[in-house]
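What follows is a set of notes on a single structure, which appears directly below.
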Amino acid sequence: MEKVILIRYEEIFLKGLNKKTFENQLIRNIKERLASLGEFSVTRSQSRIYVESSDQKFDLDEAMIKLQKIFGIASISPVVKVPSDYETIKEKTLETVENLLKKYHYKSFKVEAKRGDKKFPLNSPQICADLGGHILKNFSTLKVDVHNPDFIFYVEVRESTYLYSEI
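12 is the number of the first residue of the sequence shown in the numbering used here; add one for each residue after it.
Listed below in structure tokens is the structure:
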């Protein structure tokens, strides 16, 4: 199984013409910090950085700890990467929520979606409503609470789609 970490970075975008220089330095820092953990790749897309590894030795938890100490990183999330096919997204959403419910006794949730790929057939509110309904239909113990949910299920539709609940 591929291990993927989504990295959001801080005020680099404010630097104007130097943005690429700062992003490249951040990527070098990430590669240097994680070098001892095994094989991985680092890519950048739409103001996000992704660390991906299919190496069995790559320790995702250790990588998360090391990444938290790098200047310029705002937040990190372990994510499930899936193709941007809506049926696959729905299927993997159920698997991801089921795994969450095995670890935690959540009772309420909400879905937040960002659609970076404007060619995707549903807009963000439609994704939220449809996936929320799909989760409700399959997990009778959960209810929707948009104001104070036990967990938020995030969906980012880009070239690929990223599913996660931790920031």
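A virtual CB, placed ideally from N, CA and C, is assigned to each residue, including glycine.
Note that the structure is predicted; figures quoted are calculated from it, not measured.
**Item:** Ile81 vs Lys121 beta-carbon contact at 8 Å
**Value:** no
**Request:** Identify which residue in Ser151, Ala85, Val166 and Leu37 has its Cα closest to the Cα of Gln137.
**Result:** Val166
**Nearest-angstrom Cα separation, counted from Thr172 out to Ser95** = 5 Å
**Message:** If you reduce the DSSP assignment to three classes, tell me which class Ile18 lands in.
**Reply:** strand
**Prompt:** What number of angstroms, rounded off, separates the C-alpha of Phe69 from the C-alpha of Glu43?
**Reply:** 14 Å
**Asked** Closest by CA to Ala74, which one among Leu112, Asn35 and Gly49?
**Response** Gly49
**Asked** How long is the line joining the alpha carbons of Leu142 and Thr104, rounded to whole angstroms?
**Response** 8 Å
**Request:** Could you give the DSSP three-state label for Tyr117: helix, strand or coil?
**Result:** coil
**Three-pair Cβ contact test at 8 Å for the segment 99 to 119 versus the segment 82 to 89** = no
**Item:** Per DSSP, the bridge partner or partners of Glu167
**Value:** Lys125 and Tyr173
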